[in-house]
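These protein sequence lines are chains H and F, in that order.
221 is the number that my numbering gives the last residue of the first sequence; the numbers go up by one with no jumps.
442 is the number that my numbering gives the last residue of the second sequence; the numbers go up by one with no jumps.
Have a look at the structure below, then the notes.
2 protein chains.
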Amino acid sequence: MYTETEENYLKAIYKIAQKQGESSINTKSIAEEMGTSAASVTDMIKRLSEKSLLQYEKYYGVSLTKEGQKIAVHLLRKHRLWEVFLHDKLNFTWVEVHEVAEQLEHVKSDLLIEKLDAFLGHPKFDPHGDPIPNSNGSFTFRNQIPLSNIREKNIRIHVLAVKQHDSSFLKHLDDLKIKPGEVFEIIQFTDYDKSMKLLTKNGDQIVITHKVADAILVRPQ
Amino acid sequence: MYTETEENYLKAIYKIAQKQGESSINTKSIAEEMGTSAASVTDMIKRLSEKSLLQYEKYYGVSLTKEGQKIAVHLLRKHRLWEVFLHDKLNFTWVEVHEVAEQLEHVKSDLLIEKLDAFLGHPKFDPHGDPIPNSNGSFTFRNQIPLSNIREKNIRIHVLAVKQHDSSFLKHLDDLKIKPGEVFEIIQFTDYDKSMKLLTKNGDQIVITHKVADAILVRPQ
DNA sequence: AATTTATTTTAGATTTGTCTAAAATTTATA
DNA sequence: TATAAATTTTAGACAAATCTAAAATAAATT
Chain H
1 MYTETEENYL
11 KAIYKIAQKQ
21 GESSINTKSI
31 AEEMGTSAAS
41 VTDMIKRLSE
51 KSLLQYEKYY
61 GVSLTKEGQK
71 IAVHLLRKHR
81 LWEVFLHDKL
91 NFTWVEVHEV
101 AEQLEHVKSD
111 LLIEKLDAFL
121 GHPKFDPHGD
131 PIPNSNGSFT
141 FRNQIPLSNI
151 REKNIRIHVL
161 AVKQHDSSFL
171 KHLDDLKIKP
181 GEVFEIIQFT
191 DYDKSMKLLT
201 KNGDQIVITH
211 KVADAILVRP
221 Q
Chain F
222 MYTETEENYL
232 KAIYKIAQKQ
242 GESSINTKSI
252 AEEMGTSAAS
262 VTDMIKRLSE
272 KSLLQYEKYY
282 GVSLTKEGQK
292 IAVHLLRKHR
302 LWEVFLHDKL
312 NFTWVEVHEV
322 AEQLEHVKSD
332 LLIEKLDAFL
342 GHPKFDPHGD
352 PIPNSNGSFT
362 FRNQIPLSNI
372 REKNIRIHVL
382 AVKQHDSSFL
392 KHLDDLKIKP
402 GEVFEIIQFT
412 DYDKSMKLLT
422 KNGDQIVITH
432 KVADAILVRP
442 Q
């Protein structure tokens, strides 16, 4: 069994690897992700390396081993299932779920997580639209593209997920009534600043910047 | 905010005080409850004392302060609400719930616990029949007496709670189909060994020893 | 290629929670 | 009441996770 901190390091490394698309992760980026110093990261890296959870070459960064990856993915599964529980059953907003799930994901009981999964109806995606790995660690993939890629007007757009997860961004979207599951229509493109005007289901017209549109993943046609 | 270990000490001390009906708790009993050494207990006692969570007089044991009690009761509330969740929603048996709830009770979010309480329909008792304190820390009391106190035959007996919580005892009761919420009838008293024969709802006849009957709390007439 | 800058590692210290062994104190017993 | 037994505390050590400051190494720049 691993400590909560060890688990958090594995998760952080996995997350960085996903984002960067690279396998070799440097100390500094881990330190940033974990909100700690590079020195602390080096210490922890050595421990995790000795436990064969990651490969470590001095001065040249780390990469997760199969076992390390397995743990990280299992944590992701637990985190996202708890988020669904908090959102669907306890009526937390999709902005609020993350923080509490960060704690719940460390509860150690495989039975718990399998029963929770069943209780929730084996959901495939969390409230942010991120895929929930199954108990074997495999994800459900689906086609989704940034809203900013779409150039066609007057078609129904389905929001599937978001690329960013910081609460200020989520709150902004929430204020605009944009979240996974919602549907809207693009009614105007502005070439000048690449912003777009959307028509929401209840008739509201909202304008979003290119930066925001780029972080919203939608169903392609 | 307090560490998980600090919380567990407060809970242990509260539990011992309840059981013994005394306010002054000695080091040894805390060590036993926590599964650690008396030396470790002394260390922790000092810390908790400095944080004003308990009163400590060297060599003469400890007692919880108002603040210490408040934390212990809040933990009890969280523990028991999670037990209801695990039992009622996830179909854990009443034997299994305790261990997982031990972990869940340390998740820190008051919002979570209030939402969970509402989701569960504001339950007043957990799967073992123990009362769940409300958010102000007050318990629902009800009349309940040990089954061993009853001398009357051929009346409906309602099981409300149990006095012991170790899993071997719970498993034994579960095998006999006795648990809170069940109803049965006493059909025979044996003076010799103080055992009693019960008739369960589905027609089974079971015999329980005096020791077991003493740990079962039932609704008095 | 030499030097500056950025990154990483090491060294040494701190906190939390634990341990064992020994000393101190209280309680029980003769 | 003196001694033995039980309990509690102290002292010193250890592991986990962190920190700061300094040293080592790699990467970037002139």
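The beta carbon of each residue, even a glycine, is placed where N, CA and C say it ideally should be.
Small disclaimer: the values here were computed from a predicted structure and weren't measured.
Check	Outcome
Chain F contact for H:K115 (CB, 8 angstroms cutoff)	yes
is_contact[H:K89, chain F] using C-beta, thresh 8 angstroms	yes
Nearest candidate by alpha-carbon position, reference F:Q348, set F:V294, F:N370, F:V383	The identity of residue 348 of chain F in the sequence shown is Pro, whereas the question assumes Gln. With distances taken between Cα atoms, F:P348 lies closest to F:V383.
Separation of H:V95 from H:P133, as counted between CA atoms	21 angstroms
Uninterrupted beta strand (DSSP E) stretches inside the segment 227-305 of chain F (no shorter than 3 residues)	275-277, 283-285
Which of helix, strand or coil DSSP assigns to F:K418	strand
Classification of H:V183 by the beta-carbon crowding that lies within 10 angstroms, buried from 16 upward	exposed
Residues that H:F92 contacts on chain F, provided the C-beta gap is smaller than 9 angstroms	L332, L333, K336
Endpoints, alpha helix (DSSP H) assigned at H:H210	210-214
Beta-carbon contacts of H:Y14 that lie in its chain and below 7 angstroms, excluding the five residues immediately before and after	L64, Q69, A72
Cutoff 8 angstroms; reference F:L275; Cβ partners in own chain excluding five residues on either side	L231, I234, I266, L269, V283, S284, L285, T286, G289
In DSSP terms, what H:H158 is bridged to	H:V183
Residue from F:I408, F:K345, F:I246 whose Cα sits closest to the Cα of F:R301	F:K345
Unbroken alpha helix (DSSP H) run spanning F:V318, endpoints	318-325
Interface residues of chain F facing H:Q103 [CB-CB closer than 7 angstroms]	V328, K329
Presumed contact (8 angstroms Cβ cut-off) between H:L176 and H:I187, rounded CB distance	About 15 angstroms; that fails the 8 angstroms criterion.
Pair within 8 angstroms by beta-carbon distance, H:Q164 and H:V218	no
Chain H contacts from the segment 340-370 of chain F (Cβ-Cβ distance under 9 angstroms)	F340
Which listed residue (H:R77, H:V207, H:L116, H:N8) has its alpha carbon closest to that of H:F139	H:R77
Distance CB(H:H172)-CB(H:S195) smaller than 8 angstroms	no
Closest Cα partner of H:G181 within the set H:E152, H:G129, H:D193	H:G129
8 angstroms Cβ cutoff, F:V321 in contact with chain H	yes
Cβ neighbour criterion (16 or more within 10 Å) applied to H:H98	buried
Beta-carbon contacts of F:A436 that lie in its chain and below 8 angstroms, excluding the five residues immediately before and after	P367, V383, K384, Q385, F390
Identified DSSP bridge partners for F:P352	F:F346
Outcome for F:D338 when other beta-carbon atoms lying within 10 angstroms are tallied against a minimum of 16	buried
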